[in-house]
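Student:
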Amino acid sequence: MSEEILINVTPRETRVALVENGMLQEVQVERASRRGYVGNIYKGKVSRVMPGMQAAFVEVGLERAAFLHASDIVRLPAPLIGDNGDAAPAPTPPIGELVRDGQEIVVQVVKDPIGTKGARLTTHLSIPSRHLVLLPYSKVLGVSVRIEDEAERARLKETLVELLGETRFGYIVRTNAEGESREALAEDVDYLGRLWTAVQRDIETAKVGRCIYEDLNLPLRALRDLMRPSIEKVRVDSRETYERASRFAQQFMPELAERVEHYPGERPIFDLNGVEDEIQKALRKEVPLKSGGYLIVDQTEAMTTIDVNTGAFLGSRNLEETVFRTNLEAAQAAARQLRLRNLGGIIIIDFIDMTDAEHQRQVLRQLQKSMARDPAKATVYDMSPLGLVEMTRKRTTESLERQLCEPCPACSGRGSLKTAETVTYEIFREITRAVRQFEAKQLLVLAAPKVVNRILEEDSAAVAELEEFIGKTIRFQAEEHYSQEQYDVVVL
């Protein structure tokens, strides 16, 4: 498999694209005015304890107070931890026993502010490096579940135990560590140890609202999290960012450092492999399939729905075979779209109904297989009798659409507008209401050209009847800058 990372840098915005076999799989955006907060560690102050919610609001210097649930607060002695870092179920004490109003507390952001919600916090601090994650308030030694080879898991854990000796900190071995040498892990242990010492020093002296630790910027974060032996090239179109990335790679991944290149081409880097076009397509609802079918992706506050349609695909055998082939392709396309658009939370995929149980199992397996390549944690549930598949995907940042777009001012994000006919009848009702409330010699209606044209052409007889009914003259004036639903009735 051919993989490539493209990094596009402008003064106010940085974008990273992961391309597999010439097809865009993932895009990340970071703007100077709105950098993400996930991973940042702050000294905060509890502003309000909410016993009914088992949570507290914490001021950490962000626009809105952040949310800290009782289950995300470190308790000593800590609950038992399993081999993969999963805590054994334990009753959570009342929030009032864990924190109090006005208390200073060190917290880490695990989810960015999304919509009207503040950031989500935890006191279970974690600091990642290339191959490891340091858990300073835990004693767990775990290995990523994505490393499936049992012999390799055992080797990595034994190596880590040797390196740590009497160290009391917890560590998680990341997927990137698979096949890495003892020396590579030793470098990460040393780096994280020095970094945590510096963080502890800042915790002692920092004032409330100050950021104690900030995660790497997007280009370096992309190298840390996405760089692996299968990545053939990392192309960076900024000389300054390239030099920084090259130094970072030399320090933390010297065996891959030569794959980081400066891209001096005149053609914009995101025009390679049609990345720019793919980003624009990812902002549309409809996703065409090669077979002629298509997906409709609809993101709402509560969940994301994906509807599968056969479209123009007729197949060569029978209806069941056509539906099966379309659903198989849709399963792959849906998994790619979820990652590309960074959609999370509850997701429902409405596959076309299949009567063959084996076809249903194969489509579900295809979806699970396609989702396995996604770095975000996802859970896929069985297909319902209606052909619906419920799934969840972990979300820590806003979706691509929410980052790049805003609600349409004409429809306020509804995705539809009232017809000119509907607005016409609203105007007629408003005229009747205005005449009853105010003394008037005549009335002036300001509305969008399409609405005014309809009134003067198709509803001219209705206007004449209305003028006779109210005993007043009505004038209509088209306003180019009015949206289709906007109008004003002025009493003269």
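Under my numbering, read the sequence shown as residues 6 to 497, first letter to last.
C-beta: ideal position from N, C-alpha, C; glycine also.
Here the structure is a predicted model, which is why all the values come from computation and not from measurement.
I'd like the span of the alpha helix (DSSP H) that includes V135, first residue to last.
Tutor: Here residue 135 is taken as the residue at index 130 of the sequence shown, counted from 1. Note that residue 135 is Arg in the sequence shown here, rather than Val. No alpha helix (DSSP H) contains R135, which DSSP labels as neither H nor E.
Student: In angstroms with no decimal places, state the Cα-to-Cα distance between L103 and A335.
Tutor: Counting from 1 along the sequence shown, the entry for residue 103 is found at position 98. Counting from 1 along the sequence shown, the entry for residue 335 is found at position 330. Straight-line Cα distance between these residues: approximately 47 Å.
Student: When you compare each of F72, F329 and G44 to S131 by their alpha carbons, which one comes out closest?
Tutor: Within the sequence shown, residue 131 is the residue found at index 126, counting from 1. The candidate whose alpha carbon is nearest that of S131 is G44.
Student: Closer than 8 Å is the cut-off here; do at least three beta carbon pairs connect the stretch 25-42 with the stretch 272-284?
Tutor: Yes: at least three Cβ pairs fall under 8 Å.
Student: Curious, which full-length beta strand (DSSP E) runs of at least 3 residues does the stretch 19-82 contain?
Tutor: With a minimum length of 3 residues, the continuous beta strand (DSSP E) runs that stay inside the stretch 19-82 are 28-36, 46-55, 60-64 and 71-74.
Student: Tell me the DSSP secondary structure of T327 in three-state form.
Tutor: Looking up residue 327 in the sequence shown gives position 322. Residue state, collapsed to three classes: helix.
Student: Determine the direct distance from the alpha carbon of R158 to that of G90, and round the result to whole angstroms.
Tutor: Walking along the sequence shown from the start, residue 90 turns up at place 85. Walking along the sequence shown from the start, residue 158 turns up at place 153. In this prediction, G90 has a pLDDT of 47, which is less than 50 and means its spatial position is unreliable; nothing more can be read from the coordinates.
Student: Would you tell me roughly how many angstroms separate the C-alpha atoms of T397 and K295, rounded to the nearest one?
Tutor: On the sequence shown, position 392 is the one that residue 397 refers to. On the sequence shown, position 290 is the one that residue 295 refers to. Looking at the two C-alpha atoms, the distance is approximately 26 Å.
Student: Over the uninterrupted beta strand (DSSP E) stretch that includes F481, give me the two end residues.
Tutor: Residue mapping note: residue 481 aligns to position 476 of the sequence shown, counting from 1. T478 to A483 is the span of the beta strand (DSSP E), which, as asked, contains F481.
Student: On the DSSP bridge assignment, give the partners of C216 in chain order.
Tutor: The sequence position of residue 216 within the sequence shown is 211, counting from 1. The partner list for C216 (beta bridge, DSSP) reads Y47.
Student: Would you mind reading off the limits of the beta strand (DSSP E) that contains V194?
Tutor: Here residue 194 refers to the residue found at position 189 when the sequence shown is read from its first residue. Run containing V194: none in the beta strand (DSSP E); it sits in the alpha helix (DSSP H), R187 to T210.
Student: Is Q447 helix, strand or coil by DSSP?
Tutor: Stepping through the sequence shown from its first residue, residue 447 is reached at position 442. DSSP places Q447 in strand when its eight states are reduced to three.
Student: With a cut-off of 8 Å, do at least 3 Cβ pairs link the stretch 103-113 to the stretch 150-165?
Tutor: Cβ pair count under 8 Å is below three, so no.
Student: According to DSSP, simplified to helix, strand and coil, what is N222?
Tutor: Here residue 222 corresponds to residue number 217 of the sequence shown, with the count starting at 1. If DSSP states are grouped into helix, strand and coil, N222 belongs with coil.
Student: Among S465, I354 and Y218, whose alpha-carbon lies nearest the alpha-carbon of V204?
Tutor: The residue you call residue 204 lines up with position 199 of the sequence shown. Per the Cα distances, Y218.
Student: Taking DSSP as the reference, what is the three-state secondary structure of A2?
Tutor: Summary: the structure shown does not reach residue 2, with the chain confined to residues 6 through 497, and so no result is reported for it.
Student: Taking C-beta to C-beta, are I236 and I10 nearer than 8 Å?
Tutor: Reading the sequence shown from its first residue, position 231 is the one you call residue 236. Reading the sequence shown from its first residue, position 5 is the one you call residue 10. In contact: I236 and I10 (Cβ atoms closer than 8 Å).
Student: Along the chain, where does the beta strand (DSSP E) that runs through N13 open and close?
Tutor: Position 8 of the sequence shown holds residue 13. Taken as a continuous stretch (DSSP letters only), the beta strand (DSSP E) holding N13 covers E8 to V14.
Student: I need the DSSP call for M258, collapsed to helix, strand or coil.
Tutor: Stepping through the sequence shown from its first residue, residue 258 is reached at position 253. Three-state DSSP puts M258 in coil, outside helix and strand.
Student: Nearest to A307 by CA position, among G57, V368 and I119, is which residue?
Tutor: Start at 1 with the first residue of the sequence shown, and residue 307 comes out as number 302. Selected option, being the one with the closest Cα: I119.
Student: How big is the Cα-Cα spacing for A182 and L190?
Tutor: Working through the sequence shown from its first residue, we reach residue 182 at position 177. Working through the sequence shown from its first residue, we reach residue 190 at position 185. Their Cα atoms are separated by approximately 8 Å.
Student: M359 by DSSP, collapsed to three states: which one?
Tutor: For this step, residue 359 is matched to residue 354 along the sequence shown. Note: M359 maps to coil in three-state DSSP.
Student: Contact defined as beta carbons within less than 8 Å: I believe Q54 pairs with I110. What is the distance between those atoms, to the nearest angstrom?
Tutor: If you number the sequence shown from 1, residue 54 lands on position 49. If you number the sequence shown from 1, residue 110 lands on position 105. It is Val, not Gln, that sits at residue 54 in the sequence shown. Not quite, the Cβ-Cβ distance comes to about 12 Å (not below 8 Å), so this is no contact.
Student: Using the Cβ count rule (16 or more neighbours within 10 Å means buried), how would you classify N129?
Tutor: Locating residue 129 in the sequence shown gives position 124, where the first residue counts as 1. The amino acid at residue 129 is misidentified as Asn; the sequence shows His. Its Cβ being crowded by 16 or more others within 10 Å, H129 is buried.
Student: Across which residues does DSSP place A452 in a beta bridge pair?
Tutor: Here residue 452 refers to the residue found at position 447 of the sequence shown. Note: A452 sits in a beta bridge opposite A483 and Y492.
Student: Leaving out the 5 sequence neighbours to the left and right, which residues in its chain are closer than 6 Å to P454 when beta-carbon positions are compared?
Tutor: Against the sequence shown, residue 454 aligns to sequence position 449. Excluding residues within five positions, the ones whose Cβ falls inside 6 Å are A483.
Student: Give me, in chain order, the residues of the same chain whose beta-carbon lies closer than 8 Å to that of L393; leave out the 5 immediate sequence neighbours on both sides.
Tutor: Locating residue 393 in the sequence shown gives position 388, where the first residue counts as 1. Answer for L393: I353, I354, D355 and F356, listed in chain order.
Student: Do you know offhand how far G420's Cα is from Q304's?
Tutor: For the purposes of this step, residue 420 is taken as residue 415 along the sequence shown, with counting starting at 1. For the purposes of this step, residue 304 is taken as residue 299 along the sequence shown, with counting starting at 1. The straight-line gap from Cα to Cα measures roughly 11 Å.
Student: Measure the C-alpha to C-alpha separation of I332 and R344 and round it to an integer number of angstroms.
Tutor: On the sequence shown, residue 332 is found 327 positions in, with the first residue counted as 1. On the sequence shown, residue 344 is found 339 positions in, with the first residue counted as 1. A small correction: the amino acid at residue 332 is Asn; Ile does not occupy that position in the sequence shown. Looking at the two C-alpha atoms, the distance is approximately 18 Å.
Student: If you run the structure through DSSP and keep just helix, strand and coil, what is A227?
Tutor: Position 222 of the sequence shown, counted from the first residue, corresponds to residue 227. DSSP places A227 in helix when its eight states are reduced to three.
Student: If you draw a straight line from the alpha carbon of F474 to that of H486, how long is it in whole angstroms?
Tutor: Translated into the one-based positions of the sequence shown, residue 474 becomes position 469. Translated into the one-based positions of the sequence shown, residue 486 becomes position 481. The straight-line gap from Cα to Cα measures roughly 31 Å.
Student: Report the partner residues of G350 according to the DSSP bridge assignment.
Tutor: Translated into the one-based positions of the sequence shown, residue 350 becomes position 345. The partner list for G350 (beta bridge, DSSP) reads R398.
Student: Kindly list the residues whose CB is nearer than 6 Å to the CB of Q371, restricted to its own chain and excluding five residues on each side of it in sequence; keep chain order.
Tutor: Start at 1 with the first residue of the sequence shown, and residue 371 comes out as number 366. Excluding sequence neighbours, Q371 sits near L333 and A336.
Student: Let me know if S186 comes out buried or exposed under the rule of 16 or more other beta-carbons within 10 Å of its beta-carbon.
Tutor: Counting from one through the sequence shown, the residue named residue 186 turns up at place 181. Looking at its Cβ environment, which holds fewer than 16 other Cβ atoms inside 10 Å, S186 is exposed.
Student: Let's test the definition: count the other Cβ atoms within 10 Å of the Cβ of L139 and tell me whether it reaches 16, buried, or not, exposed.
Tutor: Here the question's residue 139 lines up with position 134 in the sequence shown. Its Cβ being crowded by 16 or more others within 10 Å, L139 is buried.
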